[in-house]
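Have a look at the structure below, then the notes.
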């Protein structure tokens, strides 16, 4: 264990040839401080602060990791082009804004609902008979400006703060490709040029009783991104994430998944809050594509998007379950103030979708907007939602909304439900 001086700031001015402020950690090391800061000197060359290599086990306690910076890419990319690989919501909205009736624009997709969409490529590693070989993702040189955890590495961030770091690729504060635990800590005011303003994950990540707040990512996952879409390099499959009593608040992105984004990963959340996050394109609170999410006692509140899914945007063969959760007071500019479900299966049990709004000039489905997918409501209330055009409650096109007799769709404006031919909504009165 290395005990650092209380209340002291260690300014790093030099880096190794790999762009790390401190040597790569390849054994068990604990850095313990009390109101102690390790930071990159503002005028120094760009480098990250900490790098945990294979076999390394880093524990930090009582520290602030601050000011790491890795080089930005010179190439730019439009977030809408990336989101278009998973959902055609932008193209659909553009047609409706240009004057095409929504029903007509949707009908044009009917013959091939995945036209124009591409699945992120799957890679299956070769394995010997009887041996399971996991797919391991590897970081780019500029991932993780504050802390990078490589495959085979482990990090524990305890009662610490990761602040004001900037990645030229993914993971402004933390990029995890190994195993990382964040406990009683804060990840705040970090930035990523692509995915994961606060945290990027492609390994095993656990965030418990911690705050991920006020981070920014250009493409997706302002707070946390579990995985990354293909841009200049191959996509990065999301790993496994467990959130427990976490607070993901006030994060933002120009793309999708203001608070949280999952791409080809697996996420479980318990008693976690997704509040006041913003995404320009989709999923103000959270977004998922080709993923599995299970949320228990989650709060998705006061998030916003100029596009679709003010609270939640689910797309491209995802399977998502909300249990004893609340999607409330979220706002979308186009479709699905509370929930946008496209080509996926979303289930809500003992939950509520209330007070959400689709407020734009083509706003439809204040509570739920479902196309080519399935939404299941069990003991769930959809109420007091609003949209510019009907329905204010639940909209379905070439999809199915199953409503059990213990659920209620009521008091939405201007109407409760609308199912365009090819779509169904059970147990609902307009």
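Residue numbers (the working numbering): 75 to 504.
Virtual Cβ for every residue (Gly too), placed ideally from N, Cα, C.
Treat the numbers as computed from the prediction; the structure is a model and nothing was measured.
My guess is that residue i and residue j are in contact by the Cβ rule of under 8 Å, so how many angstroms apart are they, rounded?
i	j	result
residue 355	residue 379	7 Å
residue 216	residue 145	6 Å
residue 351	residue 437	The Cβ separation is near 20 Å, so there is no contact.
residue 454	residue 418	Actually they are not in contact, since the Cβ atoms of residue 454 and residue 418 sit about 17 Å apart, beyond 8 Å.
residue 441	residue 486	6 Å
residue 99	residue 136	In fact, because the Cβ distance is near 18 Å, the residues do not count as touching under 8 Å.
residue 371	residue 345	5 Å
residue 456	residue 467	5 Å
residue 357	residue 310	Not a contact, Cβ separation roughly 18 Å.
residue 271	residue 248	About 11 Å separates the two Cβ atoms, so there is no contact after all.
Are the CB atoms of residue i and residue j nearer to each other than 8 Å?
i	j	result
residue 312	residue 275	yes
residue 237	residue 140	yes
residue 445	residue 473	yes
residue 109	residue 131	no
residue 114	residue 94	no
residue 463	residue 163	no
residue 337	residue 156	no
residue 223	residue 252	yes
residue 451	residue 422	yes
residue 244	residue 299	yes
residue 377	residue 348	yes
residue 410	residue 427	no
residue 374	residue 416	no
residue 302	residue 268	yes
residue 430	residue 384	yes
residue 111	residue 133	no
residue 443	residue 460	no
residue 323	residue 353	no
residue 76	residue 96	no
Assign residue i to buried or exposed, taking buried as 16 or more other Cβ atoms, counted over all protein chains shown, within 10 Å of its Cβ.
i	result
residue 82	exposed
residue 277	buried
residue 92	exposed
residue 492	buried
residue 201	Caution applies to residue 201, whose pLDDT of 34 falls short of 50 and renders its modelled position unreliable; the model cannot decide the point.
residue 175	exposed
residue 160	buried
residue 403	buried
residue 178	exposed
residue 173	exposed
residue 363	buried
residue 152	exposed
residue 214	buried
residue 495	exposed
residue 228	buried
residue 80	exposed
residue 465	buried
residue 369	buried
residue 478	exposed
residue 458	buried
residue 308	exposed
So that I know if they touch, is there some Cβ in chain D lying closer than 8 Å to that of residue i?
i	result
residue 417	Included in the structure is just one protein chain, with no chain D present.
How about residue i: is its Cβ closer than 7 Å to a heavy atom in the ligand COA?
i	result
residue 276	The ligand COA is absent from the structure shown, which contains no ligand whatsoever.
Subject >> Continuous beta strand (DSSP E) assignments of at least 3 residues falling wholly in the region 424-481 >> reply: Correct list: 426-428, 442-445, 448-452, 455-457, 468-471 and 474-477.
Subject >> Validate contact between the region 324-343 and the region 224-232 using beta carbons, cut 8 Å, 3 pairs >> reply: Result no; under three Cβ-Cβ pairs closer than 8 Å.
Original post:
Counting pairs of Cβ atoms below 8 Å between the region 331-351 and the region 305-322, do you hit three or more?
Top reply: Contact holds: three or more Cβ-Cβ distances are below 8 Å.
**OP:** Note down, one range per segment and in chain order, each beta strand (DSSP E) of at least 3 residues found wholly within the region 233-309.
**Re:** If we require 3 residues or more, the beta strand (DSSP E) runs fully inside the region 233-309 come out as 235-237, 248-250, 253-257, 260-262, 273-275, 278-282, 285-287 and 298-300.
**OP:** At 3 residues or longer, and completely inside the region 347-374: list those beta strand (DSSP E) runs for me, N to C.
**Re:** Whole beta strand (DSSP E) segments, 3+ residues: 347-349, 360-363 and 366-370.
Original post:
Are there three or more Cβ pairs, one per stretch, closer than 8 Å when the region 161-175 is compared with the region 262-274?
Top reply: The region 161-175, when compared against the region 262-274, does not touch it at the 8 Å Cβ threshold.
Original post:
Taking only runs of the beta strand (DSSP E) that begin and end inside the region 102-130, which ones reach a length of at least 3 residues, in chain order?
Top reply: With a minimum length of 3 residues, the continuous beta strand (DSSP E) runs that stay inside the region 102-130 are 102-114 and 124-126.
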